[in-house]
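Residues in the sequence shown are numbered consecutively from 1, following the UniProt record's numbering.
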Amino acid sequence: MPSEWDSHTALTATGDGLLGAELDPGWVVGGGVNGGYLLGVVGRAVAETIPAKPHPLSVSAYYLSAARPGPAQVSTRLLREGGSVTTVSAELAQEGATRIAVLATYGDLGALPDDVATTAEPPAIPPLEECVPGSLAPEETRRVAPLMERFDLRFDPACVGWAVGEPSGRGHIQAWFRMADGHDVDPVGLLMVCDALPPVTFDLGRPGWAPTLELTVHVRAVPAPGWLRVSHRTRNVAGGMFEEDCEVWDSAGRLVAQSRQLAMQPRA
Numbered sequence: 001m002p003s004e005w006d007s008h009t010a011l012t013a014t015g016d017g018l019l020g021a022e023l024d025p026g027w028v029v030g031g032g033v034n035g036g037y038l039l040g041v042v043g044r045a046v047a048e049t050i051p052a053k054p055h056p057l058s059v060s061a062y063y064l065s066a067a068r069p070g071p072a073q074v075s076t077r078l079l080r081e082g083g084s085v086t087t088v089s090a091e092l093a094q095e096g097a098t099r100i101a102v103l104a105t106y107g108d109l110g111a112l113p114d115d116v117a118t119t120a121e122p123p124a125i126p127p128l129e130e131c132v133p134g135s136l137a138p139e140e141t142r143r144v145a146p147l148m149e150r151f152d153l154r155f156d157p158a159c160v161g162w163a164v165g166e167p168s169g170r171g172h173i174q175a176w177f178r179m180a181d182g183h184d185v186d187p188v189g190l191l192m193v194c195d196a197l198p199p200v201t202f203d204l205g206r207p208g209w210a211p212t213l214e215l216t217v218h219v220r221a222v223p224a225p226g227w228l229r230v231s232h233r234t235r236n237v238a239g240g241m242f243e244e245d246c247e248v249w250d251s252a253g254r255l256v257a258q259s260r261q262l263a264m265q266p267r268a
């Protein structure tokens, strides 16, 4: 049986060089469909376009307009095919309007050198049983953000004061993550994971929907099975915008994805 993620990112050839998608209402948050989910749909389309290099390495997306649940179309264009990497541009459109424009470099993570050397340290999140389940969110919040039903999130208690009106002011949210149906995340799924947690501005006392302007994700390895650790931080809120830096670590203690997002300050 396919996972929920596979079903919700499924694509069909439409016969006109496009791939058709059905954006699922379960990924809505605030005023539109979650940007990480949209990037995952486009990421799946690129992977299907170049099956010999199925893994995203670097993906940058510009969000031009909010997407809604329902039919959408993805177009891809091969820009350069090299020996180890291929670069593709892609767009997801809906009702004649481009929702996101993407530039992506893909390869085969399994064929890359195994030469990891990093000074980065995994986020120190307490054990699962000491963390706060996302399922405890108020019914009103879950109604506005059905996206939360897609995941099993266990928040670090030190980073969840915003949920009870006591944000830390540090601009930091981190949690254990897995899909609600228990299936393991693949490299394309990491594009979504980097945008799965609540906006980090919640921890600054600024709740609400934060529309994404641009999101760049670097995928570094195929994640090992099991829970992921996801950490979001921001250091600067200015000009009505903020940056959100994300790290995703797998169950083997490896840094498997990094991202930076530029978003508008939250809207009520």
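Note that the Cβ used here is the ideal one computed from N, Cα and C, for glycine as well.
Legend entry - Collapsed DSSP secondary structure at residue 39 in the structure displayed: Residue state for residue 39 is assigned as helix, using DSSP reduced to three classes.
Inset, instruction - Please determine if the segment 117-134 and the segment 90-107 are in contact, where contact requires at least 3 C-beta pairs separated by less than 8 Å. - result: no
Legend entry - DSSP state of residue 243 mapped onto helix, strand, coil: Residue 243 sits in a strand when the DSSP states are folded into three classes.
Legend entry - Residues near residue 160 in its chain [Cβ-Cβ closer than 7 Å; skip 5 each side]: 132
Inset, instruction - Give me the Cα-Cα distance between residue 162 and residue 173, rounded to the nearest whole angstrom. - result: So the alpha carbons of these two residues sit roughly 10 Å apart.
Legend entry - Where residue 7 falls: helix, strand or coil (DSSP): helix
Inset, instruction - Kindly indicate which residue of 149, 213, 203, 204 has the alpha-carbon position closest to the one of residue 182. - result: 149
Inset, instruction - Could you pull out every residue in the same chain whose Cβ sits closer than 6 Å to the Cβ of residue 200, ignoring the five residues on either side in sequence? - result: 171, 173, 232, 234, 244
Legend entry - Closest residue to residue 111 among 79, 57, 74 (Cα-Cα distance): 57
Legend entry - Per-residue DSSP class, three states only, for residue 196: Three-state DSSP puts residue 196 in coil, outside helix and strand.
Inset, instruction - Find the nearest neighbour of residue 84 within the set 96, 50, 137, judged by alpha-carbon distance. - result: 50
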